[in-house]
Amino acid sequence: MSTPLRVLLVEDNADDARLVVDTLTEGGFAVASVRVETEVGMRDALARQPWDVVLCDYRLPHFDARTALEVSQSGGLDLPFIIVSGTVGEEIAVEAMRAGAHDYVMKDRLARLPAAVARELREAAQRRRRRSVEEALRQSEERFRGLVETSTDWIWELNEHGIYVYVSPRVREALGFLPAEVVGKTPFDFMPPEEAQRVGALFGPILAERQPFHLLENVNRHKNGGLVVLETSGVPIFDPAGTWRGYRGIDRDITGRKQAEAALRESEEKFRLTTTTARDGIIMLDSEGRVVFWNDSATAILGYSRHEVMGRQLHDWLVPERYRTASRSGYAAFRHTGQGAAVGRTLELSALRKDGVEIPVELSISATRLKDQWHAFGIMRDITARKETERRLREQAEVLDKANEAIVVSDLADRITFWSRGAERLSGWTSAEMLGRPVADIFALGEVGADAAVHAAFATFADWRGEIHGRNRAGASLVFSTSITVLRGESGQPIGRLSISTDITEAKKLHEQFLRAQRLESLGMLAAGIAHDLNNVLAPIRMAVPLLRAIAAAPGDHRLLDTLEKSSSRGADLVQQILGFAHGIGGEPRIVQVKHLLRDVVQVMAETFPKSISLENRIPSDLWPVLGNPTQIHQVLLNLCVNARDAMPNGGRLRLLAENDTLDASRAAELAAAHPEAGVRAGDWLVLHVEDSGTGIPADVLPRIWEPFFTTKEPEKGTGLGLSTVRGIVESHRGFVTVETAPGQGAAFRVYLPATESSGSSRSTAPDLVAGRGHGEPILLVDDEEPIRETAAALLKRAGYHVTIAADGAEAALIFSASPAEFALVITDLDMPRLDGASLARVIRSMRPEIKILAMSGLVSRRVTDQAADFSDAFLAKPFSNDVFLRAIQQLLAPVVA
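Take the sequence shown: its letter number 132 is residue 528 in this note's numbering, and every next letter is one higher.
Next up, the structure:
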């Protein structure tokens, strides 16, 4: 039977090609051939079908054997390539063989062609088989390498000396070493000495028997110094001759598993300790409601031993009869969903003890899934003692509800268990709203400011006492004096807290007012002291001006003296304002023409206010008079104008207006509705307007502008007393003040003073009567201020009196005692060193009781005037005019009979 043969003939001679085919046919081949003459034709033929052999002439017109060989090899084909040529020499043939040709046959010796082809076909088949085996081996090695490299374990091989000759790359993940760092060492090189000794003792018998081993645990040292637990398995290696050559095996890192096992054992031990030492009963039920866990505390609470309850339906014996149906139906739903009304909550329930007694318990239930079934885990606490305590507290609450204090009781979980009627009254929240809520809700609801000390007391179960600020339900600010006491059971353990709060809001306000009054009193004392010193400075100036006017000749001198007199008078008025603030001293109310005061204020503003402020005024001449204190009204106007000036730092317009106004009942009601705080009423009023175009008053500041010491100015620019003084003075005159303002639109203050029917005087003070002259009457003048002493003496001498002066009370007492009958009048200051005016008066009166005494002082207060009235016949407040001084002397020496 002929052998099929697919031949690709690279031949330009068709006859030679037929001869080749015939020779192969005769040699036993069934030839299927294709003849090509060019490179393109050869490539096309190779691409079109597979071939068994290529027979190629050495030289062709457009081609040669060397190129054809390259074409055959370029496709990666392992085809036998035989040169069949009639012209090739031996050297050329050898070169072709070196280039890859498998044989060459001369055309004149074609008889050997079939044998050459058969031989090359056999060798090609052998090459294909070898390549197949090599590929299978390569794939096997690739699979092994992939298995080794992707395995989470590391694979190793030891020789007969116990030395690593191979380790997989995974060794780096297990021990931190590169494979090259492990090869050449023994497994014991990576173990701590004591572990190497232990493992060696275990492995010795295995090694002696050349036996495999499995899951041998051993501890190794990681490259970073940590310990790694390996699980090692291995099998012995034998060569074809049966000689033992070592071990091959796998190491698995089980450090994490060992740690997890240790953590599990620790967790189990903690659970065991928790459940055995817990004071609460701990119970677990399976999906059927059967008891699968029962700790000792559950036995102590309910009386059943673990042996008695394990595997039994809990609902049949623990739940009171009246609740069993609902309990069973609820658990039937729970077993399918793990959900229920009681899951995730803490409930107060009733449970039956073994002795049949029903007790109150607190039960917390959670759901857990074990072996694909829902289990219920419960923690039970006997609250019999707590409920008894609550019962007693409720009984006591009936008494506590009658108390005015807010009394609150909370449990250990800081939930409110009692909310007294007093707490309802003070807070506005009812007991029904607050019971069961956390104590922290008191702070949240009432915006209570609880400091760290309160929180610390709650955290440590410590008693606490102090003040707490908050708001009631209506939003009113309150201050509580609060006492928090820890409630303890019979054994001393905390069981709750008792809080008692007293509303001290009004007491705090009174205390704050008292502190303000003290501050005002201190400021008053300071102001009085300053006024005393200023009065002593102004007194000689006012007395000296008339004396100087009598001797001044030039008209310019009189103008200067007029200015000096006016300035000293203004200074005296300012001192009176200080005294009015300090002690309320302002003299008796009298008829005041406010238009004169308005013109004075306009003049002051024109002289002192910045030029960037334009001043407007409208002061009608027919303004109604008022009954009051001109100094205080003057102060009201100045305070309002100064505030207006300060509200216009960049300049603006200030208007000072006055008008007569009659408020009927209707208009008074409208005005009262717009200004409810003002105290508006119907009647005839003199209305003073002070308006500015300044910054205005913000809405949040407006309610506080009348408070003493409240100011939005910097400390060095304001005391907060201006508007409070204005309101105080106006209200003392039975008037009221209104204000209209908006931020950025200025402010308009209106002062309403009740008009009086009398036309009064045209000035704020009645004119002084002209005093007469003396006739040499002897006067003893006593004052420790030399300027006052010298000026007053000069005035008295010019007025016709004989004057003896003394620098203090002690000196005056010596002078008077030398000739008591000599003096007709003693004029003395009150506040002097060594011996004051009151003491001097007692000394003088002891020697001559009927002597007339005129007292004077720069420190004016009710205490001073009352003291002066006790020992003197008349009293003058410094500074005073010469006419007032001389008239007082004249009246004492020769009293006018009405």
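Each residue gets a CB set at the ideal place from its N, CA and C atoms; glycine is no exception.
Going by C-alpha positions, asparagine 1035 is about 12 angstroms away from methionine 1001. In terms of CA proximity to leucine 401, Leu475 leads the group Leu475, Ala443, Leu456. When rounded, the separation of the alpha-carbon atoms in alanine 497 and aspartate 635 is 42 angstroms.
Going by C-alpha positions, glycine 580 is about 5 angstroms away from tyrosine 560. Closest option to arginine 782, judged by alpha-carbon separation, among Lys767, Trp770, Thr813, Arg1051: Thr813. Look at threonine 671 here: in three-state DSSP terms it is helix.
Here isoleucine 880 has Ala853, Asp859, Trp860, Arg893, Ser895 as same chain residues with Cβ atoms under 7 angstroms from its own Cβ, once five neighbours each way along the sequence are excluded. In terms of CA proximity to glycine 871, Leu822 leads the group Val406, Val882, Leu822. Put simply, the backbone Cα of valine 1022 is about 21 angstroms away from that of serine 1120. Judged by beta-carbon spacing, methionine 776 lies beyond the 8 angstroms limit of isoleucine 650, meaning their Cβ atoms are not closer than that value. When DSSP reads this structure, histidine 1198 sits in a beta bridge with Pro1174.
Across the structure, aspartate 418 and alanine 507 are spaced so that their CA atoms are roughly 11 angstroms apart. The way I'd put it, the stretch 1067 to 1087 does touch the stretch 1126 to 1145; three or more beta-carbon pairs between them come closer than 8 angstroms. The residue among Asp1179, Ala1273, Ala1220 with its C-alpha nearest the C-alpha of arginine 1230 is Asp1179.
Each residue's CA atom was taken as its position, placing isoleucine 678 and tyrosine 727 some 18 angstroms apart. In chain order, Ser693, Ile775, Met776, Arg777 place their CB closer than 7 angstroms to the CB of aspartate 676, counting only its own chain and leaving out the 5 sequence neighbours on each side. Less than 8 angstroms separates the beta-carbon of phenylalanine 1271 from that of alanine 1251.
Leaving aside the five residues that flank glutamine 769 on each side, the residues in its chain whose CB is nearer than 8 angstroms to its CB run, in chain order, Asp682, Ser683, Arg731. Thr780 is the residue among Gly752, Leu710, Thr780 whose C-alpha sits nearest the C-alpha of glutamate 758. Rounded to the nearest whole angstrom, the CA to CA distance from serine 723 to arginine 884 is 35 angstroms. Membership of arginine 724 in any beta strand (DSSP E) is not indicated; the residue belongs instead to the alpha helix (DSSP H) covering 720 to 733.
Taken in chain order, the unbroken stretches of alpha helix (DSSP H) that lie wholly in the stretch 771 to 853 and span 4 residues or more are 780 to 796, 817 to 823, 827 to 830, 836 to 842.
Distances from the CA of aspartate 1018 to each of Phe1219, Val705, Leu517, Val990 were compared; the closest alpha carbon is that of Val990. Where glutamate 1127 is concerned, the enclosing alpha helix (DSSP H) starts and stops at 1118 to 1128. A check of alpha carbon separations from glycine 1075 across Glu516, Gln1141, Glu1127 identifies Glu1127 as the nearest.
Within its own chain, the residues whose Cβ lies closer than 8 angstroms to the Cβ of alanine 1189, once the five positions on either side in sequence are excluded, are Leu1177, Val1199, Ile1201, listed in chain order. A direct Cα-Cα distance of roughly 20 angstroms separates threonine 673 from serine 762. Using a Cβ distance threshold of 8 angstroms, aspartate 504 and isoleucine 478 do not count as a contacting pair. Separation of serine 398 and glycine 423 (C-alpha to C-alpha, rounded to the nearest whole angstrom) is 9 angstroms. In terms of CA proximity to asparagine 620, Leu571 leads the group Ala747, Arg653, Leu571. Glycine 1233: member of the alpha helix (DSSP H) spanning 1233 to 1243, first to last residue. The beta-bridge partner set that DSSP reports for proline 756 consists of Ser746. In the structure shown, glutamate 657 adopts helical secondary structure according to DSSP, grouped into three states.
Contact between the stretch 661 to 670 and the stretch 573 to 590 is absent, with fewer than three C-beta pairs closer than 8 angstroms. In this structure, Arg1077 is the residue among Arg1077, Val403, Thr1058 with its C-alpha nearest to the C-alpha of alanine 1065. In the structure shown, valine 417 adopts helical secondary structure according to DSSP, grouped into three states.
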